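Novice: Quick one: the structure is below, and I'll ask about it shortly.
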Amino acid sequence: MTVQTFENGGYVVTDHSVILHRLLMLRQGLKLETRGLRMSRGPSAYSIIKKEFDLKGSKVKVLAAFEFILVNDYELELINPSF
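Mapping the sequence shown onto my numbering, position 32 (from 1) lands on 133, and the numbers just tick up by one.
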């Protein structure tokens, strides 16, 4: 990922990394939702992932399928994948 850091400790995710960062945040949100928590009041990560990637099934099955997509299509290395 491309991250620009500043002297005061701040950072900005830039370029293609914005898309990858969003996908990783959706994964984290779905992991929370499988444990009964929510990240925000808006649409759930579960519904966003199902719509954007045309996945079907329970939260656990969608999480496994989404992680498989992240590893194979986006070539991300995930720590503790659920599949």
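C-beta: ideal position from N, C-alpha, C; glycine also.
Computed from a predicted structure; not experimentally measured.
Only counting the same chain, and skipping five residues up and downstream in sequence, which positions put a Cβ closer than 6 Å to that of Phe167?
Specialist: Counting from 1 along the sequence shown, the entry for residue 167 is found at position 66. Result list for Phe167: Ile150, in chain order.
Novice: Take Leu177 as the anchor and find which of Pro144, His122, Ala146 has the nearest alpha-carbon.
Specialist: Position 76 of the sequence shown holds residue 177. Among Pro144, His122, Ala146, the Cα nearest to that of Leu177 belongs to His122.
Novice: Does the separation of the CB atoms of Leu179 and Leu131 fall below 8 Å?
Specialist: By one-based count along the sequence shown, residue 179 stands at place 78. By one-based count along the sequence shown, residue 131 stands at place 30. No, these two residues do not count as a Cβ contact at 8 Å.
Novice: Could you tell me the distance, in whole angstroms, from the CA atom of Gly158 to the CA atom of Asn109?
Specialist: Your numbering for residue 158 matches position 57 in the sequence shown. Your numbering for residue 109 matches position 8 in the sequence shown. Answer to the nearest angstrom: the Cα atoms are 44 Å apart.
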